[in-house]
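Enquirer: Under the UniProt record's numbering, the residue at position 190 of the sequence shown is numbered 190, and the numbers go up by one with no gaps. Below are the structure tokens for one structure; questions will follow.
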Amino acid sequence: MTAETTAKPRIELIPHASPTSPEARAALMANPGFGKVFSDHMVTITWTVERGWHNAQVRARAPFSIDPAAAVLHYAQEIFEGMKAYRTQDGLALFRPEENARRLNLSAERMAMPAIPEDLFIEAVETLVRTDADWVPEGDGSLYLRPFMFASEAFLGVRPATEYIFCVIASPVGAYFKGGYKAVSVWVSDDYTRAAPGGTGAAKCGGNYAGSLIAQAEAARNGCDQVVFLDAAERRWIEELGGMNVFFVMDDKRIITPPLGTILPGITRASIMKLAAEAGYTVEERLYGFDEWQADAKSGKLREAFACGTAAVIAGIGTVKFREGSFSIGNSGDGEVTSQLRAKLVGVQRGTVKDDHGWMRSI
Numbered sequence: 001m002t003a004e005t006t007a008k009p010r011i012e013l014i015p016h017a018s019p020t021s022p023e024a025r026a027a028l029m030a031n032p033g034f035g036k037v038f039s040d041h042m043v044t045i046t047w048t049v050e051r052g053w054h055n056a057q058v059r060a061r062a063p064f065s066i067d068p069a070a071a072v073l074h075y076a077q078e079i080f081e082g083m084k085a086y087r088t089q090d091g092l093a094l095f096r097p098e099e100n101a102r103r104l105n106l107s108a109e110r111m112a113m114p115a116i117p118e119d120l121f122i123e124a125v126e127t128l129v130r131t132d133a134d135w136v137p138e139g140d141g142s143l144y145l146r147p148f149m150f151a152s153e154a155f156l157g158v159r160p161a162t163e164y165i166f167c168v169i170a171s172p173v174g175a176y177f178k179g180g181y182k183a184v185s186v187w188v189s190d191d192y193t194r195a196a197p198g199g200t201g202a203a204k205c206g207g208n209y210a211g212s213l214i215a216q217a218e219a220a221r222n223g224c225d226q227v228v229f230l231d232a233a234e235r236r237w238i239e240e241l242g243g244m245n246v247f248f249v250m251d252d253k254r255i256i257t258p259p260l261g262t263i264l265p266g267i268t269r270a271s272i273m274k275l276a277a278e279a280g281y282t283v284e285e286r287l288y289g290f291d292e293w294q295a296d297a298k299s300g301k302l303r304e305a306f307a308c309g310t311a312a313v314i315a316g317i318g319t320v321k322f323r324e325g326s327f328s329i330g331n332s333g334d335g336e337v338t339s340q341l342r343a344k345l346v347g348v349q350r351g352t353v354k355d356d357h358g359w360m361r362s363i
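Structure below.
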């Protein structure tokens, strides 16, 4: 996917004509839930094969007007990211935004879409946060940011589109777990798989999540919070949850996590691996079978398991259900290592723990 070389576009600010009043905003942010309340503005940038990236604007959040033949509606050329802005005692900050920019471009490459310059990605996100700074919650809340890109060309041929729109929207969110962190229950799916070698498992594209929804619904029917996917070839190896990476804490200071390839390269995942190694744990990226999971939980060799992602940060796994039965992990609650790693990571994000790695970017 190429275009003529053009200068990085300047992002034009077009203020909202009638932004949300402070009173209405406060009422919306009192109990926002997740992804239901949105800030006043959005950033949009257009890409065409002739001009590259251009027409960059931060403007009032509004519906898109796209042609019924827009390629995204037919061939699903769409990718996205998830990240957060935090209000700290020093101001507003983002957590490792350059990693989101890098991962979006890896997704773009896999989906035959144009790369967006990393500095333009970060500028777009920062511009939206500065513009809608009043929407960044205090306390345990944060401003969830959703950068995404989709094919907007009206064309029904099967080929990469020649026109795309990149957009960033923002949604204030409260604490993921109300009343404190709790362990989640998971359902191990043996009917559905999410990705295979050579597929799009490592790309953050909408189709991956659409394909996971039926398995997530199966998990809910079985009284579970999340679904766990096994590999597509042998239906044995643990891969990831519906929208989260997974870790296993052993009794000998080893922490195991599935290797990359068919799973999403989570930014929270990479951060946890770094913090765990610094805390004296041996972190192994290797295949870990569902049969091992059951045996290690039964013997006590497995002390804890947890899932991680942008939304929940780190969530302990207490109960595992599958077609033939169920088993518990540790005390079925939040484990000591899980709690320690979460406290360290959240502390860095909130500015209450020293950021030794330069992960936080002030806005």
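Heads up, the beta-carbon is just placed ideally off N, CA and C, and yes, glycines get one too. Note that the coordinates shown come from a computational prediction; the quantities given were computed from them, not determined experimentally.
Hey, how far is the Cα of aspartate 119 from the Cα of valine 228?
Expert: Position 119 of the sequence shown, counted from the first residue, corresponds to residue 119. Position 228 of the sequence shown, counted from the first residue, corresponds to residue 228. Their backbone Cα atoms lie some 35 Å apart in a straight line.
Enquirer: Return the first residue and the last residue of the alpha helix (DSSP H) that threonine 268 is part of.
Expert: For this step, residue 268 is matched to residue 268 along the sequence shown. Threonine 268 -> alpha helix (DSSP H) spans 267–278.
Enquirer: Per DSSP, which one or two residues make a beta bridge with isoleucine 329?
Expert: Locating residue 329 in the sequence shown gives position 329, where the first residue counts as 1. Its beta-bridge partners do not exist; DSSP assigns none.
Enquirer: Between which two residues does the alpha helix (DSSP H) containing alanine 24 stretch?
Expert: What you label residue 24 is simply residue 24 of the sequence shown in a count that begins at 1. Where alanine 24 is concerned, the enclosing alpha helix (DSSP H) stretches over 22–30.
Enquirer: Are the CB atoms of glycine 199 and threonine 262 within a distance shorter than 8 Å?
Expert: Counting from 1 along the sequence shown, the entry for residue 262 is found at position 262. Counting from 1 along the sequence shown, the entry for residue 199 is found at position 199. Yes.
Enquirer: What's the call for residue 382, buried or exposed, on a 16-neighbour Cβ count within 10 Å?
Expert: What is shown of the chain runs 1 to 363, which leaves residue 382 out entirely.
Enquirer: Taking the Cβ atom as the reference point for each residue, do residue 376 and glycine 333 lie within a distance shorter than 8 Å?
Expert: Residue 376 lies beyond the stretch modelled for the chain, which goes from 1 to 363, so this question has no answer here.
Enquirer: Using alpha carbons as the reference points, say which of Gly243, Ala276, Arg110, Leu73 lies closest to alanine 343.
Expert: By 1-based counting over the sequence shown, the position of residue 343 is 343. It is Ala276.
Enquirer: Could you check the C-alpha separation between alanine 161 and histidine 74 for me, to the nearest Å?
Expert: To locate residue 161, count along the sequence shown from 1; it is residue 161. To locate residue 74, count along the sequence shown from 1; it is residue 74. Taking the straight line from one Cα to the other gives about 11 Å.
Enquirer: In chain order, what residues of the same chain lie with their CB nearer than 7 Å to the CB of threonine 46, ignoring the 5 residues before and after it?
Expert: By 1-based counting over the sequence shown, the position of residue 46 is 46. Closer than 7 Å at the Cβ level, and outside the excluded window around threonine 46, lie His54, Asn55, Ile165.
Enquirer: Using 8 Å as the threshold, is the C-beta distance between threonine 48 and glutamate 218 below it?
Expert: Within the sequence shown, numbered from 1, the residue matching residue 48 stands at position 48. Within the sequence shown, numbered from 1, the residue matching residue 218 stands at position 218. For threonine 48 and glutamate 218, no; Cβs fall outside 8 Å.
Enquirer: Among Gly211, Gly223, Asp132, Leu287, which one has its Cα closest to the Cα of isoleucine 14?
Expert: For the purposes of this step, residue 14 is taken as residue 14 along the sequence shown, with counting starting at 1. The shortest C-alpha separation from isoleucine 14 is found at Asp132.
Enquirer: Could you check whether the Cβ of glycine 300 sits closer than 8 Å to any Cβ belonging to chain D?
Expert: The question asks about chain D, but that chain is absent: this structure has only one protein chain.
Enquirer: When we look at the beta-carbon of histidine 41 and count the other beta-carbons within 10 Å, is it buried (16 or more) or exposed?
Expert: By 1-based counting over the sequence shown, the position of residue 41 is 41. Answer is buried; the Cβ neighbour count reaches 16.
Enquirer: Within 10 Å of its beta-carbon, does valine 353 have 16 or more other beta-carbons around it, so buried, or fewer, so exposed?
Expert: Here the question's residue 353 lines up with position 353 in the sequence shown. The residue in question, valine 353, is exposed, as its Cβ has fewer than 16 Cβ neighbours within 10 Å.
Enquirer: Closer than 7 Å by C-beta to arginine 361: which residues in its own chain qualify, once you throw out the five before and the five after it? Chain order, please.
Expert: What you label residue 361 is simply residue 361 of the sequence shown in a count that begins at 1. So the list reads Ala93, Leu94, Pro97, once near-sequence residues are dropped.
Enquirer: Is tyrosine 144 helix, strand or coil when you go by DSSP?
Expert: Counting from 1 along the sequence shown, the entry for residue 144 is found at position 144. Three-state result, tyrosine 144: strand.
Enquirer: So, histidine 357 versus lysine 298, is the Cβ gap smaller than 8 Å?
Expert: Along the sequence shown, read from residue 1 onward, the residue named residue 357 stands at position 357. Along the sequence shown, read from residue 1 onward, the residue named residue 298 stands at position 298. No, Cβ-Cβ distance for histidine 357 and lysine 298 is not below 8 Å.
Enquirer: Under a three-way DSSP split, which group does isoleucine 79 fall into?
Expert: Counting from one through the sequence shown, the residue named residue 79 turns up at place 79. Looking at isoleucine 79 - three-state DSSP - the assignment turns out to be strand.
Enquirer: Does arginine 110 come out as helix, strand or coil in the three-state DSSP assignment?
Expert: On the sequence shown, position 110 is the one that residue 110 refers to. Reduced to three states, the DSSP call for arginine 110 is helix.
Enquirer: Between Val246, Gly300, Asp252, Arg102, which has its C-alpha nearest isoleucine 317's C-alpha?
Expert: The residue labelled residue 317 in the question sits at position 317 within the sequence shown. Here the closest residue by C-alpha is Val246.
Enquirer: Indicate whether lysine 204 and glutamate 81 have their beta-carbon atoms separated by less than 8 Å.
Expert: The residue given as residue 204 occupies position 204 in the sequence shown. The residue given as residue 81 occupies position 81 in the sequence shown. Their beta carbons are under 8 Å apart, which means lysine 204 touches glutamate 81 by this criterion.
Enquirer: May I ask you to report which of helix, strand or coil DSSP gives threonine 127?
Expert: By one-based count along the sequence shown, residue 127 stands at place 127. Here threonine 127 sits in helix by DSSP.
Enquirer: On a Cα-Cα basis, can you pick out the residue from Arg130, Val320, Arg103, Arg110 that is closest to proline 117?
Expert: As a first step, residue 117 is located in the sequence shown; it is residue number 117 there, counting from the start. With distances taken between Cα atoms, proline 117 lies closest to Arg103.
Enquirer: Where does proline 97 sit, in a helix, a strand or coil, going by DSSP?
Expert: For the purposes of this step, residue 97 is taken as the residue at position 97 of the sequence shown. Note: proline 97 maps to helix in three-state DSSP.
Enquirer: For glycine 91 and glutamate 99, I'd like the C-alpha separation in whole angstroms.
Expert: Mapped onto the sequence shown, residue 91 falls at position 91. Mapped onto the sequence shown, residue 99 falls at position 99. When rounded, the distance between both Cα atoms is 21 Å.
Enquirer: Short of 7 Å in beta carbon distance, which residues of its chain neighbour leucine 341, apart from the five on each side in sequence? Order them along the chain.
Expert: The residue given as residue 341 occupies position 341 in the sequence shown. The answer, listed in chain order, is Ile272, Leu275, Ala276, Ile314.
Enquirer: Can the beta-carbon of lysine 84 be found closer than 8 Å to that of leucine 128?
Expert: Counting from 1 along the sequence shown, the entry for residue 84 is found at position 84. Counting from 1 along the sequence shown, the entry for residue 128 is found at position 128. The answer is no: Cβ separation not under 8 Å.
Enquirer: How is the beta strand (DSSP E) around threonine 309 delimited, first residue to last?
Expert: The residue labelled residue 309 in the question sits at position 309 within the sequence shown. The sequence shown places glycine at residue 309, not threonine. 302–309 is the span of the beta strand (DSSP E), which, as asked, contains glycine 309.
Enquirer: In three-state DSSP terms, what is glutamate 324?
Expert: Residue numbering aside, residue 324 sits at position 324 when the sequence shown is read from its first letter. Coil at glutamate 324, not helix or strand.
Enquirer: On the three-state DSSP scale, how would you describe phenylalanine 189?
Expert: Working through the sequence shown from its first residue, we reach residue 189 at position 189. The residue you asked about is not phenylalanine; residue 189 is serine in the sequence shown. Of the three classes helix, strand and coil, the one that applies to serine 189 here is strand, per DSSP.
Enquirer: Starting from alanine 170, follow the beta strand (DSSP E) in both directions and report where the run begins and ends.
Expert: Counting from 1 along the sequence shown, the entry for residue 170 is found at position 170. Taken as a continuous stretch (DSSP letters only), the beta strand (DSSP E) holding alanine 170 covers 163–173.
Enquirer: With glycine 52 as the anchor, note down where its beta strand (DSSP E) starts and where it stops.
Expert: By 1-based counting over the sequence shown, the position of residue 52 is 52. Where glycine 52 is concerned, the enclosing beta strand (DSSP E) stretches over 52–60.
Enquirer: Applying the criterion that 16 or more other CB atoms from any shown protein chain within 10 Å of the CB defines a buried residue, is isoleucine 169 buried or exposed?
Expert: Walking along the sequence shown from the start, residue 169 turns up at place 169. That one is buried.
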